[in-house]
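Position one of the sequence shown corresponds to residue 365 (my numbering), numbered consecutively onward. The beta carbon of each residue, even a glycine, is placed where N, CA and C say it ideally should be.
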Amino acid sequence: MADGNSRFGHVLTSLPKPGGGEYGKYYSLPTLNDPRIERLPYSIRYLLESAIRNCDGFQITEKDVENIIDWENTAPKLVEIPFKPARVLLQDFTGVPAIVDLASISMRDAMDRLGDDPGKIDPLIPVDLVIDHSVQADVVRSENALQANMQCEFDRNKECFAFLRWGSMAFNNMLIVPPGSGIVHQVNLEYLGRVVFNTDGILYPDSVLRTDSHTTMIDGMGVAGWGVGGIEAEATMLGQPMSMVLPSVVGFKLSGKLRDGVTATDLVLTVTQILRKHGVVGKFVEFYGEGMSELAVANRATIANMSPEYGATMGFFPVDHVTLEYLKLTGRSDEKVEMVEAYLRANNMFVDYNETQTERAYSSYLELDLADVEPRVSGPKRPHDRVALKDMKADWHACLSNKVGFKGFGVPKEQQDKVVKFSFHGKPAEIRHGSVVIAAITSCTNTSNPSVMLGAGLVAKKACELGLEVNPWIKTSLAPGSGAVTKYLQKSGLQKYLDNLGFNLIGYGCTTCIGNSGELDEDVAKAITDNDIIAAAVLSGNRNFEGRIHALVRANYLASPPLVVAYALAGTVVIDFEEPIGKGRDGNDVYFKDIWPSNEEIAEVEQSSVLPDMFRSTYEAITQGNPMWNQLSVPKAKRFPWDPNSTYIHDPPFFKDITPTPPGPRSVENAYCLLKFGDSITTDHISPAGSIPRDSPAGKYLLERGVQPKDFNSYGSRRGNDEVMARGTFANIRIVNRLLNGEVGPKTVHVPTGEAFRVRCCNGGQALTGYIIKRKKEFRRYKADGYHTIVLAGEEYGSWSSRDWAAKGPMLLVYTHHIIAISLLATENLQHLFDKIMPSGVKAVIAKSFERIHRSNLVGMGVIPLCFKPGEDADSLGLTGHERFTIRLPSNVSEIQPGQDVEVVTDSGKSFFTCKLRIDTLVELAYFDHGGILHYVLRNLVKQQQR
365 MADGNSRFGH VLTSLPKPGG GEYGKYYSLP TLNDPRIERL PYSIRYLLES
415 AIRNCDGFQI TEKDVENIID WENTAPKLVE IPFKPARVLL QDFTGVPAIV
465 DLASISMRDA MDRLGDDPGK IDPLIPVDLV IDHSVQADVV RSENALQANM
515 QCEFDRNKEC FAFLRWGSMA FNNMLIVPPG SGIVHQVNLE YLGRVVFNTD
565 GILYPDSVLR TDSHTTMIDG MGVAGWGVGG IEAEATMLGQ PMSMVLPSVV
615 GFKLSGKLRD GVTATDLVLT VTQILRKHGV VGKFVEFYGE GMSELAVANR
665 ATIANMSPEY GATMGFFPVD HVTLEYLKLT GRSDEKVEMV EAYLRANNMF
715 VDYNETQTER AYSSYLELDL ADVEPRVSGP KRPHDRVALK DMKADWHACL
765 SNKVGFKGFG VPKEQQDKVV KFSFHGKPAE IRHGSVVIAA ITSCTNTSNP
815 SVMLGAGLVA KKACELGLEV NPWIKTSLAP GSGAVTKYLQ KSGLQKYLDN
865 LGFNLIGYGC TTCIGNSGEL DEDVAKAITD NDIIAAAVLS GNRNFEGRIH
915 ALVRANYLAS PPLVVAYALA GTVVIDFEEP IGKGRDGNDV YFKDIWPSNE
965 EIAEVEQSSV LPDMFRSTYE AITQGNPMWN QLSVPKAKRF PWDPNSTYIH
1015 DPPFFKDITP TPPGPRSVEN AYCLLKFGDS ITTDHISPAG SIPRDSPAGK
1065 YLLERGVQPK DFNSYGSRRG NDEVMARGTF ANIRIVNRLL NGEVGPKTVH
1115 VPTGEAFRVR CCNGGQALTG YIIKRKKEFR RYKADGYHTI VLAGEEYGSW
1165 SSRDWAAKGP MLLVYTHHII AISLLATENL QHLFDKIMPS GVKAVIAKSF
1215 ERIHRSNLVG MGVIPLCFKP GEDADSLGLT GHERFTIRLP SNVSEIQPGQ
1265 DVEVVTDSGK SFFTCKLRID TLVELAYFDH GGILHYVLRN LVKQQQR
């Protein structure tokens, strides 16, 4: 977004074209004539340019600009700065609730009640939304899989899709990329990424915030982007700058080149482990060095994509000649590429490794020789638990024996070698611990990279020529991130070999990587469940924590696409690839080395098969949609006609009680601990995205409304309905609440009695326990006596996906007086049930550490994030979770400081302990004072109009 009212108009400079005329004007960093800018990391220069261009003396001030220029001195002091991105990017799972909020009657009525025009609820900067999270792997191993899965996708999600299509017409600045087009991050890389904007004659760098943690993939192309919560994204759309702490920047120097047989996936798993060990949470990582010339943009994007896994806000690769070549390869015009280079060179934001480099300052330094990287996978439950291929067999046996944990399954020794024989469609089959039942080439992390996709095709080709086959009970699938992948796989002649092994094209979307793996065959599922088999999935994705990929698959490994094919052929992960992976048609053993292509083989195929016209033709048609999309019935009204009976789209209640003045800070009084967790509780645990179990609160809610289990779809697809999502809070079947001494499942304890209950959210006066409480007035009596609740947690609370419902769920319970009901597992006494209901909402989370985006989301929803002091946690403080907790805050927000110490008082044992308030900036304090970020934005829109 370009602002013509910048206080830095004196540095607005013309950028001439070589042949005459000008590209446009730009805010020139060199014209500031400040030597400190030359030492700034390139990533910080993007923050500086945005601040200068948008400096209006109100939202962004001259002091903010000075703080960024003086980064070397101000960053260590955790100085707060505002940032306005060029655009916002959404996908359907997070985009639907964002557009639901913007379209909501309550938000528009709130503007009306506050005395302003409801029509101001409209995006002020470009918003792109790619529908990619809805397609599931229902049909696989079929030539018709693509069309069949798309039909299923539309049948399930027609209502949501129609709503999104309405939004693209009702709101300004909004582009919807229809289903079946690709995965959002790959579409962003190949098509949506501008690198440099030219808006009304003003040139400025592309930058993007997105409601997905893997937004960082675009950093591999020199576009500054990172993930934020849907709540922050909505505020950004409405013109609110993002408030952030000026980050430290880790300089990561790359040298050498990758050895033969080593892929970008192996590299990113190595980088992830190095950076997690170094500690980069909340920091930028900027890559540089001579090794950059050996690293294609697709490889850079793979590394940048995994920023959430190593914890950084960004993994940034400045634009250089390699970037320009990628822009040409993906079909950008020569004129566009020339403009990009001219602007970035003129504004000292281009890296030319043929020239002497000015030494840049970094907060800390790391280095990696690319030649030291070796083939790896990661798992079985976390992306950063990498395992060298040569160690895989030994690691698996250790995991079987280890006690249950991130690297353990706790299988008794005498049960580790059991073999289960079963009948698969009438034919004999067998599985054992470590047998592969899902093999998926999917995810933006890898399918955007031609070298690894063609490598997978070459593995398939060599395997087919030798007569190898994949077991028919393994669910194999291919779901690339764009149609360009299909074009070059077909041109190279490799797609037919993938088809022969069962890797048929099933759709263009995230599929297995986000848990949309579909059902396992009934015979396979029964063999697993009846015999408690630790089955395995291998996927070319970026997330693999337990319960995400499939409820029945407990071991999940991330691997490169060629390795996915290799493990599918082996049929097991219990192999180090020094042993045979199968027998050829001639009866001889076939080894890994017999099917693995060299780097030269891959490069040769890539050179002849990946062409710019493939990308141009793919994306020229992308916004035209497809017949199913174009035939959707869409309301013509400017205001959305809400259907009160809809189970997909529901008018949210967030703003119904908004007042002209902020409510102020709220203390927490005598709260019970609702849940006590260990480390690495993900947003998938807090608000799952996968399938909705029939016996879950959300499942019961849908059944009561006539929705059959086959039509439940997923939690992710129903994020536009707060009634469903509230009931999905803490509903992950693999969640472990320490109040229950290690028992797995969405349960907790009623502290006063010690009785165990299932966590179930209630709404509108209905307790979803098998009892339907129809007398709402009786239920309301318990709201008046409601208890506050808190959550205790360990390290990395809220990690991985930037899922706003992981904060919205608890906030909704607070804000609309809904109730978390802890229902008895077995009772026939309705009055007894009433006695056990704990009217509440989560008021605070006390953890050892938070994932960056989730912490921000909690603040944005009015939930207090607190961190234990270093070296302390719930266990070291002797907290059992059976205490009552009081957290007192001043009633005047001016008396609270970001990051201050807060005393937590308990009613037993240790009388008090001190935590750090993880409201990190003054702007976040303002959000908290207003009851949430969107409440703050609405009141400010009114103030701006009055001003």
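Cα separation between residue i and residue j?
i, j, result
"ARG1145", "TYR1151", "Reliability fails at ARG1145, whose pLDDT of 28 lies under 50, so the model's placement of it is uncertain and the value that follows must be treated cautiously. Each residue's alpha carbon lies about 13 Å from the other."
"GLU1159", "LYS1212", "5 Å"
"SER468", "ILE485", "10 Å"
"ARG1219", "ILE1297", "13 Å"
"ALA660", "GLY593", "30 Å"
"GLY384", "GLY586", "28 Å"
"VAL715", "THR627", "25 Å"
"LYS1362", "LEU1230", "Outside the shown range of the chain (365 to 1311) lies residue 1362, about which nothing can therefore be said."
"LEU1241", "VAL1155", "15 Å"
"LEU693", "SER807", "21 Å"
"GLN780", "GLY774", "10 Å"
"GLU596", "ARG451", "13 Å"
"ILE913", "SER881", "7 Å"
"ALA967", "SER815", "7 Å"
"ASP456", "VAL541", "10 Å"
"LEU916", "ILE802", "11 Å"
"PRO1005", "LEU869", "37 Å"
"PHE1276", "HIS1246", "15 Å"
"GLU598", "GLU719", "42 Å"
Grab me the residues of residue i's own chain with a C-beta within less than 6 Å of its C-beta, minus the 5 sequence neighbours each way, in chain order.
i, result
"ASP940", "LYS754, MET756 and LYS757"
"VAL1287", "SER607"
"ILE1099", "HIS1049 and PRO1110"
"SER973", "TYR852, LYS855 and SER856"
Can you tell me which of the options puts its alpha carbon nearest to the alpha carbon of residue i?
i, options, result
"PRO1029", "ASP1293, THR629 and THR677", "ASP1293"
"ASN369", "TYR410, PRO1073 and ASP420", "ASP420"
"PHE527", "ASN895, ALA1001 and GLY594", "ALA1001"
"VAL1209", "VAL1266, GLU1259 and ILE1260", "VAL1266"
"TYR652", "MET601, ARG520, ASP1007 and GLU723", "GLU723"
"PRO490", "ASP473, LEU539 and GLU507", "LEU539"
"LYS617", "GLY591, GLU650 and VAL645", "GLU650"
"ASN536", "ASP492, TYR1300 and GLU829", "ASP492"
"ILE878", "SER1055, VAL800 and VAL928", "SER1055"
"ASN562", "TYR391, SER1163 and ASP624", "TYR391"
"LEU631", "MET601, LEU922 and TYR1065", "LEU922"
"SER619", "ASN906, GLY1106, ASP736 and ALA843", "ASP736"
Taking Cβ to Cβ, would you say residue i is nearer than 8 Å to residue j?
i, j, result
"ARG364", "ILE424", "Lying before the first or after the last residue shown, residue 364 is absent from the chain, which here runs from 365 to 1311."
"GLY557", "SER571", "no"
"LEU639", "ALA668", "no"
"TYR387", "TYR729", "no"
"THR840", "ARG505", "yes"
"ALA1170", "SER1051", "yes"
"GLY584", "PHE681", "yes"
"VAL644", "ASP1284", "no"
"PRO739", "MET817", "no"
"VAL686", "MET713", "no"
"ALA1062", "ALA1035", "no"
Whose C-beta lies closer than 8 Å to the C-beta of residue i among residues of the same chain, with five residues either side of it excluded?
i, result
"SER545", "VAL494, ILE495, ASP496, VAL551, SER846, GLY847, TYR872 and ILE986"
"PRO944", "ASP953, VAL954 and TYR955"
"LEU1104", "LYS1111, THR1112, VAL1113 and ALA1120"
"VAL701", "LEU688, LEU691 and LYS692"
"GLU523", "SER1010, TYR1012 and ILE1013"
(message) With three or more beta-carbon pairs closer than 8 Å as the criterion, would you say the segment 975-984 touches the segment 844-855?
(response) yes
(message) Would you call the segment 557-568 in contact with the segment 1004-1024, where contact means no fewer than 3 C-beta pairs closer than 8 Å?
(response) no
(request) Taking 8 Å as the threshold, find out whether the segment 882-889 comes into contact with the segment 850-859 through three or more Cβ pairs. (result) no
(message) Across the segment 1042-1052 and the segment 457-468, are there enough close Cβ pairs to call them in contact, namely three or more that are closer than 8 Å?
(response) no
(request) Say whether the segment 1044-1054 touches the segment 1259-1274, bearing in mind that this needs 3 or more beta-carbon pairs closer than 8 Å, one atom from each stretch. (result) no
(message) Three or more C-beta pairs under 8 Å: does that hold for the segment 762-782 against the segment 739-749?
(response) yes
(request) Would you check if the segment 782-801 and the segment 815-831 touch, i.e. whether three or more CB-CB distances between them fall below 8 Å? (result) no
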